[in-house]
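Residue numbers (the working numbering): 9 to 212.
Think of the CB as a built atom: it goes at the ideal place given N, C-alpha and C, for glycine as much as any other residue.
One structure is given here, and the rest of the page talks about it.
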Ligand SMILES: [Zn+2]
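Pasting the structure below:
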């Protein structure tokens, strides 16, 4: 996801801190309460727990990149088995937590649905939806105010706010979110050339 808030003064977390920091966010009530599905792809607490297990078993790798990520993203999932973090990644901001939820949503598909494909745009939409719901469910003082998001992005975020627990995402909601994504040239550039995401990564 775009939207870094780098703080050059803090040093990046160690491997152990990355693993425990990710688990802490994914096992929080806010993340464990995320629950929706789209065409058989379920995003819920069980999926995030599966990511925590896969990370602790070394099946999903957490790596700090030695150079900036594309679009200056805070993190990215490679579609197989690795979440890469920006060199300046820290756990200190709401944006960092939402990034963890976002990338872990992609990772949960690799863990739960190996050998399947989804359009990259829909995959991104579900990850943005999950992090939006997470941001709504954490205590208000820990929420990101979304001030960086305008125009179509704001309508995408409002659509996400109306998704009820356990919901099947309908095509209208999906389109509102994907239109929001396509209104952002930074995200758009990531989607060019990768029309589908493959989850070849983790056999059960
Ligand atoms: Zn993404």
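heavy atom of ligand 1 below 7 angstroms from residue 132 C-beta: Walking along the chain shown from the start, residue 132 turns up at place 124. Yes, since a heavy atom of ligand 1 falls inside the 7 angstroms radius drawn around the Cβ of residue 132.
Environment of residue 158 [buried if 16+ CB atoms lie within 10 Å]: Residue numbering aside, residue 158 sits at position 150 when the chain shown is read from its first letter. Counting Cβ neighbours within 10 Å, residue 158 comes out exposed, since fewer than 16 surround it.
Cβ-based neighbour list, residue 75, same chain, cut-off 8 angstroms, excluding 5 preceding and 5 following: Position 67 of the chain shown, counting from 1, holds the residue named residue 75. Excluding positions up to five away in sequence, the list reads 95.
Beta-carbon spacing of residue 192, residue 161 below 8 angstroms: As a working mapping, residue 192 is identified with position 184 in the chain shown. As a working mapping, residue 161 is identified with position 153 in the chain shown. Yes, the Cβ-Cβ distance between residue 192 and residue 161 is below 8 angstroms.
According to DSSP, residues forming a beta bridge with residue 143: Here the question's residue 143 lines up with position 135 in the chain shown. Its beta-bridge partners do not exist; DSSP assigns none.
Beta-carbon proximity of residue 64 to residue 91, cut-off 8 angstroms: Counting from one through the chain shown, the residue named residue 64 turns up at place 56. Counting from one through the chain shown, the residue named residue 91 turns up at place 83. Cβ atoms of residue 64 and residue 91: not closer than 8 angstroms.
Cβ shell of residue 33 (< 7 angstroms), same chain only, five flanking positions each side left out: Taking the first residue of the chain shown as 1, we reach residue 33 at position 25. Same-chain partners within the cutoff: 39, 105, 108, 109.
Closer than 7 angstroms: residue 4 CB and nearest ligand 1 heavy atom: The structure shown does not extend to residue 4, since the chain is modelled only from 9 to 212, so the question has no answer here.
beta-carbon residue 103 near ligand 1 non-hydrogen atom, thresh 7 angstroms: By one-based count along the chain shown, residue 103 stands at place 95. No; taking the cut-off as 7 angstroms, the Cβ of residue 103 has no heavy atom of ligand 1 nearer than that.
Assigned secondary structure, residue 113 (DSSP; H/G/I helix, E/B strand, else coil): As a first step, residue 113 must be located in the chain shown, where it is residue number 105. It is helical.
Helix, strand or coil at residue 46 according to DSSP, with G and I counted as helix: Position 38 of the chain shown holds residue 46. Here residue 46 sits in strand by DSSP.
Local conformation of residue 83 per DSSP, three classes: Indexing the chain shown from 1 puts residue 83 at position 75. Strand at residue 83.
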